[in-house]
Every structure is written in C-alpha cells, then in structure tokens.
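Taking it in order: structure first as structure tokens, then the write-up.
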Amino acid sequence: MSGQRDPPASDREREGRNTGERGVDTGGRDVVRPTFEDTLAYARERDYTGWDLYDGESSRILRALPVDSKWLNLAFQQSVRRSPVNVRPLLFVEQRPNPMGTALFSMANLTAYDVTGDERYRADARRLADWVVENQVDGYGGFCVGHSHPLQGLSKRTTPDIPGVVGTSWATKALIAAGDRFDGPYHEVARSAADFVFESLDYGEAPTGARIDYKATDTGDHYTLNANALGARLLVDLYDAFGDATHRARAERILEYVAAQQTDRGGWMYRDPPEASHLSMDNFHNGFIVQSFLRYREVCDPEAFATTVDDAVAFYRELFTADGAPHFDESNVYPRDVHSSSQGAIVFSMLGEFDRAETILRWARENLSDGQGRFFHEQRRFYTDRTTLMRWCQAWMAYAMGEYLRRSETATASGRVPA
C-alpha cells in the first residue's frame, strides 16, 4: 500500500519501555496467538460491526413507535442489557460499528501485522483508523468521539453526537499508532484531542490536582474517576508522541486528583462523590485507573505515584482468582465480565507479569469463549450470557491479547527475563 512507512526508532523505543518485566513465557504466546488471530477473523468477517452493551435504542421497533418516552427507552435498553439470552434479533436492534471498538480493532490489527507479517492486518488497521477520523464528532474544538447509539439514563439521555473522554482516549491512541505507520492526517487529528480535553471537558483545578468532566454535557456535580484517569493517559500519550510539556504537566495534575480519591483499600469508587453512582470499586474501571498510572510511569517518571500504584496493584490483584477468573468488584464475585478479563491481561502485561496475564486470558478462553475466537459477555452464578458484543467482547479481547503478545515479545527480545 502506497504511503506506508515503518515506525521511527523513537516510537519503537517508546513501545518497549516497561515498568519491570518478569515472568516472560514464550509458550504462553504460542497459545494466545491463534486465539488472537481467530478473534480478529470473527470481527473481520462481520466488518467489525455488531451489537453493543446498551444498544436497545437501536431497535427499529422502538424507533417506529409514535411516542418519545424515557421509560420506553429504558425498557428497551435494559431488556437487551439484562436478558439472559440475546433478545436483540427479536427487537430488530441494528448492528453498528462503534468508535471505541473500531479504534481498538485498528491497534489490534497493527499488532497482528507485526506478529504475522500478513498485509491484510495492516490494510485493515489503516481502513479502521480512517473510519475513526471520518466518524469523529464535530463542533467541540478538537478530535473526539461518542457512542454509535443513544444512552438513556434516569436523569438525561446521551445521543451519539455527545462525545466523551473514555472513547476519545482510545481513539486518540489508535490515531497516534496509525500515524506512526502511515502517511495521512492521523497525528494532526490526534493532537487536537487535547483541545477537547481542556476546553470541552472543563479542565480546572480541584482541591488536590485538577479534574475534567466525563462528557461534554456534564454539569460538574460529580466526577467519574476512571474517566479522569483515562483523560490523563490520553495526555500522556500525546506527550509521548509530540513532546508538549503542557500535556505532561496537566496529566500529572489530573492523576494527583485521582490519587487523592483512592480508598484505604487501594481501589477507587466509580465517582466522586461515591454516592453519585450505584457502582463501587468494580474490576475493569479500577483497571483503567491502574493502567493510566502505569502509563504515566512508563513515559514520564518510573518512580512517580509509588505508594498510590503499590496500593492500587495490591487491591487489583484481589479482584482475580489464582486461576485467572475476575471478580466483579470488591464485594461481588459475579458477574464475571469479559471486559474485566481483557483489562486484567492489559494491566498485568504492563506490569511485566506475563504469566498472570496469560492465566487470565486462558480462563477467558475456557469460560467465556467458544474456543474459536468468539467471546461471550459474562458468566453469572448459574448461567453464562453467551451474547457476543463486538466492542465489549471482541474488540477488548483482541486488543488485550495484542498487548500481551507485543509486550511479552518486546521483553523477550530485550533480554528482560525472570529474575
């Protein structure tokens, strides 16, 4: 494909930095790699398009009704979310590409190309990055993305044209990766995401550090802690790619705010104040926070936030069993969510604990998969929800396996082996 280029040395070095690798297991890579390729093949065959977690408002039946009701929206949304079987086909819920999922697939395909040398992965990575650029949300001063379907809450409804920092953080990361490989607007577009964070998410001082809103329409009556952490990680990624010291400084300020909200147990509640959400210290959202601190240490200062990270990692370990099964949160084992498995593999790969990451991936493959690359949503106490969600299941697991493969290969190649 014309216009393609290999990543410069600085980018390769950037990918190789780690927080202390150990437990490198080349045999684990041999097991994970075919599942990784099968997972991407499942998505590719469906053009990376599918159902999502709260996509009930994409029902053609609901949209045909001659009323606009919050309670009807919630009924459809929660029916598809809570049903033990997939009722989306019965409700004619449309399958759509998702901006965050597409970004994750783009990065996973780049890793697959590096692992296999197969050009179709490289071509898909670029095509998916192009889709992310083309489907950004306009009108917010910088690059940002939303969901592909409305989300109905009790107090407000979020439409696809309202962007948020979580999806934008992953989309920005994907565009940086694409810009490292291909000619095109990817880096320019990614760089502008800082304007979205600073201007549209109301970046401002907090009693400790600084904080941002989750979505552009938030009112500031509460703050979502994992969203703040991912916003900081977005700025770290921009600093790593482009060297703007303002991005590093403001990322540090946001992480200072997040660190100040850490509980005595080492984890984080979903929101500040905690009573603003029914969620407590759930698994994958805490994984997002741990990942963000690790990314800051990886790029900016390996000794930063030492006590915060030590306590956070100790708490996070408690959210997984010895055989790799995830707990939902600090108090509940079930549901065991595929997203928690994927996030665990990412975090422990960043920590260099590749044996633990592989154990988590193996549990997910054996308990939340058909063994041929199709992953399921969650395992409940008495049954398994075998719905396959393109973003929630396939994209996250593909990205997680890609991170495990990439980081473990880098550790082996550089000679960082078990102590």
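For the sequence shown, our numbering begins at 175 and goes up steadily by one. Beta carbons: idealized from backbone N, C-alpha and C, even for Gly.
Measuring only the C-alpha atoms, how far is W305 from D438?
Counted from its first residue, the sequence shown places residue 305 at position 131. Counted from its first residue, the sequence shown places residue 438 at position 264. Between W305 and D438, the C-alpha separation is close to 43 Å.
What's the gap between the Cα of A384 and the Cα of D212?
As a first step, residue 384 must be located in the sequence shown, where it is residue number 210. As a first step, residue 212 must be located in the sequence shown, where it is residue number 38. When rounded, the separation of the alpha-carbon atoms in A384 and D212 is 42 Å.
Taking 8 Å as the threshold, find out whether the segment 356–372 comes into contact with the segment 282–291 through three or more Cβ pairs.
The answer is no - the segment 282–291 does not touch the segment 356–372, with fewer than three Cβ pairs under 8 Å.
Nearest by alpha-carbon distance to D298: which of G313, A282 and V307 is it?
To locate residue 298, count along the sequence shown from 1; it is residue 124. For D298, the nearest C-alpha among the options comes from A282.
Within a Cβ cutoff of 7 Å, which residues of the same chain sit near I428, ignoring the five residues on either side of it in sequence?
Against the sequence shown, residue 428 aligns to sequence position 254. Once the five neighbours on either side are set aside, the close Cβ partners of I428 are G383, A384, R385, I386, N402, G405 and A406.
Beta-carbon proximity of R471 to F479, cut-off 9 Å:
Translated into the one-based positions of the sequence shown, residue 471 becomes position 297. Translated into the one-based positions of the sequence shown, residue 479 becomes position 305. Taking a C-beta distance under 9 Å as the contact criterion, R471 and F479 qualify as a contact pair.
Could you check which residue in V267, S253 and R301 has the C-alpha nearest to that of Y222?
On the sequence shown, residue 222 is found 48 positions in, with the first residue counted as 1. Closest by alpha carbon: R301.
What is the C-beta distance between D503 and S454, in whole angstroms, given that I count them as a contact (C-beta under 8 Å)?
Taking the first residue of the sequence shown as position 1, residue 503 is located at position 329. Taking the first residue of the sequence shown as position 1, residue 454 is located at position 280. In this structure D503 is in contact with S454, their Cβ atoms being roughly 5 Å apart against a cut-off of 8 Å.
Where does A384 fall in DSSP's three states?
For the purposes of this step, residue 384 is taken as the residue at position 210 of the sequence shown. Residue state, collapsed to three classes: strand.
Mapping DSSP to helix, strand and coil, what is V371?
Mapped onto the sequence shown, residue 371 falls at position 197. It is helical.
If T333 and K389 are in contact, beta carbons under 8 Å, what's the gap, nearest whole angstrom?
Translated into the one-based positions of the sequence shown, residue 333 becomes position 159. Translated into the one-based positions of the sequence shown, residue 389 becomes position 215. T333 to K389, Cβ: 11 Å. No contact.
DSSP has G313 in a bridge; who is on the other side?
Position 139 of the sequence shown holds residue 313. Checking the DSSP bridge columns, you'll see G313 has no partner listed.
Can you tell me the Cα-Cα spacing of E373 and T346, whole angstroms?
For the purposes of this step, residue 373 is taken as the residue at position 199 of the sequence shown. For the purposes of this step, residue 346 is taken as the residue at position 172 of the sequence shown. Roughly 16 Å between the two C-alpha positions.
Look up R471 in the DSSP assignment and say whether it is helix, strand or coil.
The residue labelled residue 471 in the question sits at position 297 within the sequence shown. Looking at R471 - three-state DSSP - the assignment turns out to be helix.
Could you please give me the residues that DSSP links to Q553 through a beta bridge?
Translated into positions along the sequence shown, residue 553 becomes position 379. Partner(s): R510 and T558.
Decide if A496 is buried, meaning its Cβ has at least 16 other Cβ atoms within 10 Å, or exposed.
To locate residue 496, count along the sequence shown from 1; it is residue 322. When all chains shown are included, A496 counts as exposed.
Here's the rule I'm using: 16 or more other beta-carbon atoms within 10 Å means buried, otherwise exposed. How should I520 be labelled?
The sequence position of residue 520 within the sequence shown is 346, counting from 1. I520 is buried by the Cβ-count criterion.
Quick one: using the 10 Å Cβ neighbour count with 16 as the cut-off for buried, is L278 buried or exposed?
By 1-based counting over the sequence shown, the position of residue 278 is 104. L278 counts as buried, since no fewer than 16 other beta carbons sit within 10 angstroms of its beta carbon.
Tell me whether V464 is buried or exposed, calling it buried when 16 or more other Cβ atoms sit within 10 Å of its Cβ.
As a first step, residue 464 is located in the sequence shown; it is residue number 290 there, counting from the start. Answer is buried; the Cβ neighbour count reaches 16.
Would you mind stating whether N460 and D511 have Cβ atoms separated by less than 9 Å?
The residue you call residue 460 lines up with position 286 of the sequence shown. The residue you call residue 511 lines up with position 337 of the sequence shown. No, these two residues do not count as a Cβ contact at 9 Å.
Can you find the residues in the same chain that come closer than 6 Å, C-beta to C-beta, to A183, ignoring five residues on each side of it along the sequence?
As a working note, residue 183 is residue 9 in the sequence shown. Bear in mind that a pLDDT of 34 at A183, under 50, signals an unreliable position, so the number given afterwards is only what the model happens to contain. Around A183: no qualifying Cβ.
Threshold first: 4 residues or longer. Then list the alpha helix (DSSP H) segments lying entirely within the segment 400–443, N to C.
Runs of the alpha helix (DSSP H) inside the segment 400–443: 419–434.
Check each candidate in P509, P240, P263 and V206 and name the one with the smallest Cα separation from F556.
Position 382 of the sequence shown, counted from the first residue, corresponds to residue 556. When P509, P240, P263 and V206 are compared, the shortest CA-CA separation from F556 is found for P509.
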